[in-house]
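Just so you know, we're using our numbering here: the sequence shown kicks off at 81 and counts up by one.
All residues carry an ideal CB built from backbone N, CA and C; glycine is no exception.
Scroll down for the structure; my scribbles are underneath it.
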Amino acid sequence: MGDDKSGKSGVRIEWIKLSGAIVALLAAIIGLIISIINFSNIAKQEKKSVLQQEELAKQQKSSVLQQEELAKQQKSIERFESCYGEVIINIIDPQDGDQVSSSIDIKGTATIHDRCRYVFIVVRDKNSQVWRVTDLLQVNINGTWAGKAKLDDIPVGGEAEISAIIIAQPKAYPVGEHFSVPPDRGVPSNFVCIKRIN
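Laid out in structure tokens, this is it:
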């Protein structure tokens, strides 16, 4: 009888040990599975983060390229509108000191250019800072141009200053518009001082 009890007790102990080992093994397996899942999630998050960073880098690069393209377009527009360094324009008639009426013919020469071919005539009273656009014309294929300067704002006996501006945009200055400073778009010609006598 004593041997039976001792044998059963030994089996129970062995079973408890085996159960503990099985539980420990299961816990280890579960822990390993959780670690693998966590590692997989971390790897996915890192990959997602890398992809997001790459996408952000692409967007930043695209933004930089767009800004560069806009800057190029702006420079092209400014160059298109002004043509500085590409054209020269001169008034040859009238000349300094000429005595004229209220409406006079203006003649001149200009560089033949594929874009900058529009000429605005601007006039101001020598005692005033206000300029007025009086005519719009185009440069001829032989490099000459002709238009009119209206001296309505100049009193009889007064002196006027005339200039011509060559530009690419025919709508740059509305004819009849007044400016408190000399128009700043386009390439200006020489200035001619004349006197209105009637």
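Among Asn-222, Pro-250, Ile-221, Lys-228, which one has its Cα closest to the Cα of Thr-214?
Lys-228
For the beta strand (DSSP E) that Ile-172 lies in, which residues bound it at each end?
For Ile-172, the uninterrupted beta strand (DSSP E) segment begins and ends at 169 to 173.
On the criterion of 16 or more Cβ atoms from any shown chain inside 10 Å, does Gly-42 qualify as buried, or is it exposed?
There is simply no residue 42 to check, as the chain begins at 81 and stops at 278 in what is shown.
So what's Leu-217 in DSSP terms, helix, strand or just coil?
strand
Give me the DSSP bridge partner(s) of His-193.
DSSP lists no partner for His-193.
C-alpha distance - Asn-170 paired with Ile-246, whole-angstrom precision
One Cα belongs to Asn-170, the other to Ile-246, and the distance between them is close to 10 Å.
Any chance you could list the beta strand (DSSP E) runs of at least 3 consecutive residues sitting entirely within the region 220 to 255, in chain order?
224 to 230, 239 to 247
Measuring alpha carbon to alpha carbon, tell me which residue in Ala-123, Lys-127, Ser-243, Asn-270 is nearest Asp-205.
Ser-243
Neighbourhood of Glu-241 by C-beta distance below 6 Å, restricted to the same chain and skipping five residues each side
Arg-204, Lys-206, Phe-271, Cys-273
If contacts are defined as beta-carbon pairs under 8 Å, then Ala-226 and Leu-217 qualify, I think. What distance do you get, rounded to the angstrom?
7 Å
Mind reading off the beta-carbon distance from Val-199 to Ile-277? Whole number of angstroms is fine, and I expect it under 8 Å.
Not really, about 26 Å apart at Cβ, beyond 8 Å.
Tell me, please, which residues DSSP counts as bridged to Arg-276.
Val-180
Identify the residues that DSSP records as bridge partners of Phe-119: which are they?
As far as DSSP is concerned, Phe-119 takes part in no beta bridge.
Where does Tyr-253 land, buried or exposed, given buried means 16+ other C-beta within 10 angstroms?
Tyr-253 should be labelled buried.
So what does DSSP say about Val-144, is it helix, strand or coil?
helix
Secondary structure of Gly-188, DSSP reduced to three states
strand
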